[in-house]
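Numbering (our numbering), first residue to last: 5 to 582.
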């Protein structure tokens, strides 16, 4: 019965250790799973931040002239601010990933190692205690069996002695021998009894310690270990939330910055920037006057035409140049005239002013270098051991020459600028309007240009001049038998920048007939012969030029006053002024 009871106790204890071992192993696996979850969340935050940064970088303005153009508009600046705030927003996700890694993943990884080592120690101590008590029990059983065997041997020896002593046929020596044997066996039994009693007392004490002290202590340590594990997981879960909460104020500031940028957009300011960028400075055309066919027709020329045109021999219309600047992309946009005379007045004024500003910056740079070299020379003069003062003179001379050249260039461009500003209408004029294709003001005419084109007084001799920088007012001389010149050629060509992106040929919108021959010396124009029929692909936009085509390879501009235009129905649109 005792053996069965002890076996049940040991089996129950062993089962308890097995259950605790399985549970604590499951707890460690849970911590590992949660740690892996935190690691994957951190990787997601890193990848998300990387994608946000790449997105912000992709739409950042490029380092070119277009960036300066875009920065003028409030909606572009708002977008750039949004991109910068988005970049900062991505940085906060990187902070989340970094804190998750440092405050949870790394700490839990180290804690898992400690937890596994502690668990291994506790179960090793439990198994060792269990093995010790089992070993003690086996020794107790051995002592018990030896005592039992010695008692049985003593009983048999005693019985044998008594039998020999009662037998008269046995010699006295045999009886004495049996008596001594019986005494020895009794002594051995007595010794075994003492050993058994002593070891039993010892075993009972060890068993009491085992079940009341050692095993409960091990179980308590395992319980404490499990509670710490659960507490640690809870703290990590709290940190997991706090990591996000810590960046919320900065994320809020990023979002506030985006909102502020969006609210700073000013549509009226941006539209005014467009007006300032593209206004031409031309005045709208004057009113068309009534032409009385009952009176002798009179011809006048516009204020921008040239008088006393030089007579020249009429030349037959030839082919125009194969590549015309209005129809191809201008790869050399800086190849125009130095004074920008090919541009409308307002655009020309801006270009000249920009050139003057650039030259002044260069002058300031040269002056700064001259001042620095002058100070260096003074230092060399005061301290000859530091350098030769004469070594600076060649460079000072060169800088002085550069400054003189730059100042000369400034004076030249300032002269052109003054010329343009004198010719431009004053801002005090009543309601001056500027548009993308506004025409210059013209003197009052009794017969408008359109009627002149349709009904010339007589055939022109084809002579004309094309000096663009002259604004001499001309009046036609009306004599009884005049030899009229053709209608004036506009002094300003259309702006080539408006045709940079025209890759596809324009559709035909009508036809025209050349009333006078036109030689087309300027680039972008086309030579025509009197009476020649051409296709119209772009009507006069108020600058005095009409765009025509002879065939697929030859097209260009001709003065509107030189041709009679017949547009297709619904092809002609109204002019737009800004």
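Virtual Cβ for every residue (Gly too), placed ideally from N, Cα, C.
(Q) Taking the alpha helix (DSSP H) that residue 150 belongs to, which residues open and close that run? (A) Locating residue 150 in the chain shown gives position 146, counting from the first residue. 110-170 is the span of the alpha helix (DSSP H), which, as asked, contains residue 150.
Q.
Does the segment 92-112 come into contact with the segment 44-53, if we say contact requires no fewer than three beta-carbon pairs (one atom in each stretch) closer than 8 Å?
A. yes
Q: Between the Cα of residue 65 and those of 80, 171, 57 and 113, spot the shortest distance and give me the residue it belongs to.
A: Sequence index remark: in the chain shown, residue 65 carries index 61 (1-based). Comparing Cα positions, the closest option is 80.
Q | As assigned by DSSP and simplified to three states, the class of residue 414 | A | Residue mapping note: residue 414 aligns to position 410 of the chain shown, counting from 1. If DSSP states are grouped into helix, strand and coil, residue 414 belongs with the helices.
Q: Mind the definition here: the segment 84-99 touches the segment 252-264 only if three or more C-beta pairs lie below 8 Å; say whether that holds.
A: yes
Q: Count the other C-beta atoms from every protein chain shown that fall within 10 angstroms of the C-beta of residue 477, then say buried if there are 16 or more, exposed otherwise.
A: Residue mapping note: residue 477 aligns to position 473 of the chain shown, counting from 1. Because residue 477 sits at a pLDDT of 35, beneath the cut-off of 50, its placement in the model cannot be relied upon, and the following sentence gives the value as read from the coordinates. Exposed, since its Cβ has fewer than 16 Cβ neighbours within 10 Å.
**Q.** Exposure of residue 245, with buried meaning 16 or more beta-carbon neighbours within 10 Å
**A.** The residue given as residue 245 occupies position 241 in the chain shown. Residue 245 should be labelled exposed.
(Q) If I measure Cβ to Cβ from residue 2 and keep anything under 6 Å in the same chain, skipping five residues before and after, which residues do I get? (A) With the chain represented from 5 up to 582, any question about residue 2 goes unanswered, as that position is not in the structure.
Q | C-alpha distance - residue 346 paired with residue 352, whole-angstrom precision | A | By one-based count along the chain shown, residue 346 stands at place 342. By one-based count along the chain shown, residue 352 stands at place 348. Going from the Cα of residue 346 to the Cα of residue 352 covers about 8 Å.
Q. Rounded to whole angstroms, how far is the Cβ of residue 393 from the Cβ of residue 384, which I believe are closer than 8 Å?
A. Within the chain shown, the letter at position 389 stands for residue 393. Within the chain shown, the letter at position 380 stands for residue 384. With a Cβ gap of about 4 Å, residue 393 and residue 384 count as contacting.
Q) How close, in whole Å, do the beta carbons of residue 32 and residue 116 come, if the pair is a contact with beta carbons under 8 Å? A) Working through the chain shown from its first residue, we reach residue 32 at position 28. Working through the chain shown from its first residue, we reach residue 116 at position 112. Rounded, the Cβ-Cβ distance is 7 Å, consistent with contact.
Q. Are at least three pairs of beta-carbons, each pair with one atom in the segment 177-193 and one in the segment 139-157, less than 8 Å apart?
A. yes
Q.
Can you tell me whether residue 542 is helix, strand or coil according to DSSP?
A. Against the chain shown, residue 542 aligns to sequence position 538. Three-state result, residue 542: strand.
(Q) In the DSSP assignment, the beta strand (DSSP E) including residue 269 goes from what residue to what residue? (A) Position 265 of the chain shown, counted from the first residue, corresponds to residue 269. Where residue 269 is concerned, there is no enclosing beta strand (DSSP E), given that its DSSP letter is neither H nor E.
Q | Cβ-based burial, residue 292 [other Cβ within 10 Å; buried from 16] | A | If you number the chain shown from 1, residue 292 lands on position 288. Exposed, because fewer than 16 other Cβ atoms sit within 10 Å of the Cβ of residue 292.
Q | For residue 567: DSSP bridge partner residues | A | Here residue 567 corresponds to residue number 563 of the chain shown, with the count starting at 1. Answer is 518.
Q) By how many angstroms is the C-alpha of residue 356 removed from the C-alpha of residue 571? A) Counting from one through the chain shown, the residue named residue 571 turns up at place 567. Counting from one through the chain shown, the residue named residue 356 turns up at place 352. Taking the straight line from one Cα to the other gives about 38 Å.
Q: Please classify residue 49: does DSSP put it in a helix, a strand, or coil?
A: Numbered from 1 along the chain shown, position 45 holds the residue referred to as residue 49. Residue 49: helix per DSSP, three-state reduction.
Q. Can you tell which of 122, 53 and 110 has its C-alpha closest to the C-alpha of residue 40?
A. As a position in the chain shown, residue 40 is number 36, starting the count at 1. Closest by alpha carbon: 110.
Q.
Between residue 367 and residue 410, how many whole angstroms is the CB-CB distance? I'm expecting something under 8 Å.
A. Within the chain shown, residue 367 is the residue found at index 363, counting from 1. Within the chain shown, residue 410 is the residue found at index 406, counting from 1. Confirmed, Cβ separation roughly 5 Å.
Q. Is the distance from the Cβ of residue 518 to the Cβ of residue 534 below 8 Å?
A. The residue labelled residue 518 in the question sits at position 514 within the chain shown. The residue labelled residue 534 in the question sits at position 530 within the chain shown. Yes; because the gap between Cβ atoms is below 8 Å, this pair is in contact.
Q.
Using a 10 Å radius around the Cβ and a threshold of 16 neighbouring Cβ atoms, would you call residue 19 buried or exposed?
A. For the purposes of this step, residue 19 is identified with residue 15 of the chain shown, where counting begins at 1. With fewer than 16 Cβ atoms within 10 Å of its Cβ, residue 19 is classed as exposed.
Q) Which one of 34, 173 and 150 has the shortest CA to CA distance from residue 119? A) Along the chain shown, read from residue 1 onward, the residue named residue 119 stands at position 115. Out of 34, 173 and 150, 34 has the C-alpha closest to the C-alpha of residue 119.
Q | For residue 274 and residue 77, believed in contact at Cβ under 8 Å, the rounded distance | A | By one-based count along the chain shown, residue 77 stands at place 73. By one-based count along the chain shown, residue 274 stands at place 270. Going by Cβ atoms, the distance from residue 77 to residue 274 rounds to 5 Å, so yes, they are a contact pair.
Q.
On the DSSP letters alone, give me the boundaries of the alpha helix (DSSP H) that residue 583 sits inside.
A. The structure shown does not extend to residue 583, since the chain is modelled only from 5 to 582, so the question has no answer here.
Q.
Can you tell me whether residue 396 is helix, strand or coil according to DSSP?
A. The residue you call residue 396 lines up with position 392 of the chain shown. Helix, per DSSP.
Q: Determine, using beta carbons only, whether residue 567 and residue 541 come nearer to each other than 8 Å.
A: Taking the first residue of the chain shown as position 1, residue 567 is located at position 563. Taking the first residue of the chain shown as position 1, residue 541 is located at position 537. Contact: no.
Q.
For residue 140 and residue 207, I'd like the C-alpha separation in whole angstroms.
A. Taking the chain shown and counting its residues from 1, one reaches residue 140 at position 136. Taking the chain shown and counting its residues from 1, one reaches residue 207 at position 203. Residue 140 and residue 207: Cα-Cα distance of roughly 6 Å.
(Q) Using 8 Å for Cβ pairs, my map puts residue 427 next to residue 341. What's the rounded Cβ distance? (A) As a working mapping, residue 427 is identified with position 423 in the chain shown. As a working mapping, residue 341 is identified with position 337 in the chain shown. Actually they are not in contact, since the Cβ atoms of residue 427 and residue 341 sit about 16 Å apart, beyond 8 Å.
Q: Can you check DSSP and say which residues form a bridge with residue 561?
A: Translated into positions along the chain shown, residue 561 becomes position 557. According to DSSP, which records beta bridges pairwise, residue 561 is partnered with 529 and 551.
Q) Out of curiosity, what's the CA-to-CA distance linking residue 564 and residue 557? A) Here residue 564 refers to the residue found at position 560 when the chain shown is read from its first residue. Here residue 557 refers to the residue found at position 553 when the chain shown is read from its first residue. Answer to the nearest angstrom: the Cα atoms are 21 Å apart.
Q. Sorry if obvious, but does the Cβ on residue 103 come closer than 7 Å to a heavy atom of the ligand GTP?
A. The ligand GTP is absent from the structure shown, which contains no ligand whatsoever.
Q) Just checking, does the segment 158-170 make contact with the segment 209-219 on the three C-beta pairs under 8 Å criterion? A) no
Q: Using the Cα positions of residue 271 and residue 278, report the straight-line distance between them to the nearest angstrom.
A: For the purposes of this step, residue 271 is identified with residue 267 of the chain shown, where counting begins at 1. For the purposes of this step, residue 278 is identified with residue 274 of the chain shown, where counting begins at 1. Rounded to whole angstroms, residue 271 to residue 278 spans 11 Å at the Cα level.
Q.
Which same chain residues end up closer than 7 Å to residue 24 when comparing Cβ atoms and leaving out the 5 residues on each side of it in sequence?
A. Numbered from its first residue, the chain shown carries residue 24 at position 20. 226.
Q | Residue span of the alpha helix (DSSP H) that contains residue 208, given as start and end | A | Mapped onto the chain shown, residue 208 falls at position 204. It spans 176-213 - the alpha helix (DSSP H) in which residue 208 sits, taken as one unbroken run.
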